[in-house]
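K.L.:
Got a structure for you, questions after.
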Amino acid sequence: MYEREWHSSILKHHHPSVSLKPPADTKFIRYSIAAGDDYNSKFVYNITKTYDTQLRSQYGYVWRGIQRPYDRENSIAGGEIAVVDLQTNEILGLWRSFARTGKKDHQIWWLGGETCYKRTGKNDFYQFITTVLKPGK
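Under the working numbering, the residue at position 53 of the sequence shown is numbered 53, and the numbers go up by one with no gaps.
Okay, structure coming up:
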């Protein structure tokens with residue numbers, strides 16, 4: 001279970017459940033799109049968080065940053081997304097992406113960063129997940 005740290009300035013844009021603390025016996029966190037009574041149009045991100053003691057999903061994904069010597073100094077950043085079979089811990093797919101940027105006032109300027117998929121239009125996160133996980137018949 002990885003418990004994300006929520007910055008107080010963004011909590012007002014999320015469902016109140018994201019700030020709940022886990023019960024002692026919790027092993028898993030489940031994020032879901034808010035629906036029914038949980039949906040509220042004033043939240044920019046309608047995601048709810050619940051805790052559970054049982055694993056119910058077969059698949060999951062994880063993000064990790066890539067940092068090599070001199071990347072940041074050369075205005076390069078990278079990350080990977082791994083799709084994982086949660087029953088076996090097997091990595092089913094790995095998507096690696098890099099971004100580069102220029103400098104503004106001698107500072108690295110990430111708001112204008114350009115990624116490989118942004119330039120080519122060939123791939124994005126959603127396409128990657130749906131390519132790796134094909135629905136069963």
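Just so it is clear, CB atoms sit at the ideal spot from N, CA and C, and this is done for glycine as well.
Could you pull the start and end residues of the alpha helix (DSSP H) that Y126 belongs to?
P.N.:
125–132
K.L.:
Leaving aside the five residues before and after Q87 along the sequence, list all residues of the same chain whose C-beta is less than 7 Å from its C-beta, in chain order.
P.N.:
Q58
K.L.:
CB I91 to CB G79, shorter than 8 Å?
P.N.:
no
K.L.:
In or out: W63 buried (at least 16 other Cβ within 10 Å) or exposed?
P.N.:
exposed
K.L.:
At which residues does the beta strand (DSSP E) containing L86 begin and terminate?
P.N.:
Note, L86: premise wrong, no beta strand (DSSP E); not H, not E.
K.L.:
Please determine, among R72, G93, Q107, the residue with the shortest C-alpha to C-alpha distance to A99.
P.N.:
R72
K.L.:
Rounded to whole angstroms, what is the Cα-Cα separation between K49 and Y39?
P.N.:
13 Å
K.L.:
Assign G60 to one of three DSSP states: helix, strand, or coil.
P.N.:
strand
K.L.:
Does the Cβ of H15 have 16 or more other Cβ atoms within 10 Å, making it buried, or fewer, making it exposed?
P.N.:
Buried is the call here.
K.L.:
Given a cut-off of 8 Å, decide if Y61 and I29 are closer than it, judged by their beta-carbon atoms.
P.N.:
no
K.L.:
Pick from T53, Q54, T131, R96: whose alpha carbon is nearest that of I81?
P.N.:
With distances taken between Cα atoms, I81 lies closest to R96.
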